[in-house]
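Letter by letter, the sequence shown follows residues 1 to 262 of the UniProt record's numbering.
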Amino acid sequence: MTSPNGAVFTDGLRPADVLTVVAVTDATPSVRRVTLSGDPAVVALAGPTVNLLVPRVDDPDPVWPRIQRDGRIVWPQGSHGVALRSYTARRQDPAAGEVDIDFVLHGDGPAATWAAAARPGARLAVAGAASLAERPARWLLLVGDETALPAISRLLAAAAPGTAGVAYLEVAGPEEEQPLAGPAGIAVRWLHRGATAPGHSTLLVDAVAALDRPDGDDVFAWVGAESATVRAIRADLRGRWGLGRAQHHAIGYWRLGRAMGG
1 MTSPNGAVFT DGLRPADVLT VVAVTDATPS VRRVTLSGDP AVVALAGPTV
51 NLLVPRVDDP DPVWPRIQRD GRIVWPQGSH GVALRSYTAR RQDPAAGEVD
101 IDFVLHGDGP AATWAAAARP GARLAVAGAA SLAERPARWL LLVGDETALP
151 AISRLLAAAA PGTAGVAYLE VAGPEEEQPL AGPAGIAVRW LHRGATAPGH
201 STLLVDAVAA LDRPDGDDVF AWVGAESATV RAIRADLRGR WGLGRAQHHA
251 IGYWRLGRAM GG
């Protein structure tokens with residue numbers, strides 16, 4: 001059996017798929033966009049949500065884990081300095097063999113530290129991917145902070161032309177807003193927290209609390225932000241809105257005080 005890049009399984013395991021940095025740009029003052037290049041088959045599978053294997057900064061020869069046939073990661077024994085983080089690919093271009101990953105530079109976690117120092121030639125590995133758990137609906141509610149912008153950008157782009165709804169996006173200020181393309185019926189609302197630190201704002205919770213539930217059952221809500229914020233919004237969607245499990249997906253992309261990657 002072989003992996004997407006043609007590597008053969010040995011003793012039930014295969015190497016992780018390694019991608020190389022070819023460009024680094026700042027999408028906004030706090031978001032660094034890293035363009036990675038690799039085998040087109042690997043790039044095609046690297047999303048929308050992808051598990052990234054992030055090495056220590058300036059580690060020229062990371063000890064990557066290996067992957068079982070069922071996708072489980074087998075970590076090497078001893079210290080290896082590779083961290084596992086989950087991100088949504090902002091862009092995938094299998095024909096060009098490129099994928100863009102946006103890293104929010106808040107904090108000093110392994111992914112933010114790596115991205116802040118990333119240069120062409122640096123390497124990342126990938127170990128599996130997953131969907132965004134989205135569901136088509138007549139009316140969409142999309143809620144997130146900076147860490148969820150790549151996911152929400154893809155959800156907006158994939159929504160049917162006649163879809164209605166609203167997207168609430170919390171960022172520090174106007175300089176952190178990004179161009180987003182989606183149906184004209186989905187209103188995009190940017191919420192600026194100003195000097196309030198990430199994870200301490202109630203802007204997203206308050207915005208959803210002030211929103212009336214649309215009529216009908218063809219409704220879907222997708223939420224991605226700091227864990228406590230997500231819990232509060234999920235409770236509102238399940239309680240006041242009465243949404244069932246199939247009508248919403250709410251996930252904590254990071255937790256205040258803990259290094260995580262959305």
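Each residue gets a CB set at the ideal place from its N, CA and C atoms; glycine is no exception.
Should residue i and residue j be called a contact, given that it needs their Cβ atoms to be closer than 8 Å?
| i | j | result |
| --- | --- | --- |
| A221 | L237 | yes |
| G121 | V21 | yes |
| P179 | H192 | no |
| G194 | L169 | no |
| F103 | R32 | yes |
| L156 | G185 | no |
| A246 | V223 | no |
| L132 | T163 | no |
For residue i, count the other beta carbons within 10 Å of its own beta carbon; 16 or more makes it buried, fewer makes it exposed. Which is it?
| i | result |
| --- | --- |
| G38 | buried |
| E176 | buried |
| A151 | buried |
| S153 | buried |
| H200 | exposed |
| W64 | buried |
| G261 | Low local confidence applies: a pLDDT of 44 at G261 is under 50, so the model's placement there is unreliable, with the coordinate-based value given in what follows. With 16 or more other Cβ atoms within 10 Å, it is buried. |
| V74 | exposed |
State the start and end residues of the unbroken beta strand (DSSP E) segment that holds residue i.
| i | result |
| --- | --- |
| L13 | 13 to 15 |
| V50 | 49 to 54 |
| A164 | 164 to 171 |
| V34 | 31 to 37 |
Taking the alpha carbon of residue i as the point to measure from, which residue in the options has its own alpha carbon closest?
| i | options | result |
| --- | --- | --- |
| L19 | A116, P198, A127, H106 | A127 |
| A23 | T35, R90, R14, I186 | T35 |
| G97 | A41, I67, L243 | A41 |
| V50 | P94, A129, V43 | A129 |
| A137 | Y87, G107, T25, P214 | P214 |
Could you tell me which uninterrupted alpha helix (DSSP H) segments, each at least 4 residues in length, are contained entirely in the segment 88 to 159, listed from first to last along the chain? 110 to 117, 149 to 158
Sequence ranges, beta strand (DSSP E) only - wholly within the segment 183 to 243, length at least 3: Fully enclosed beta strand (DSSP E) runs of 3 or longer: 186 to 192, 219 to 226.
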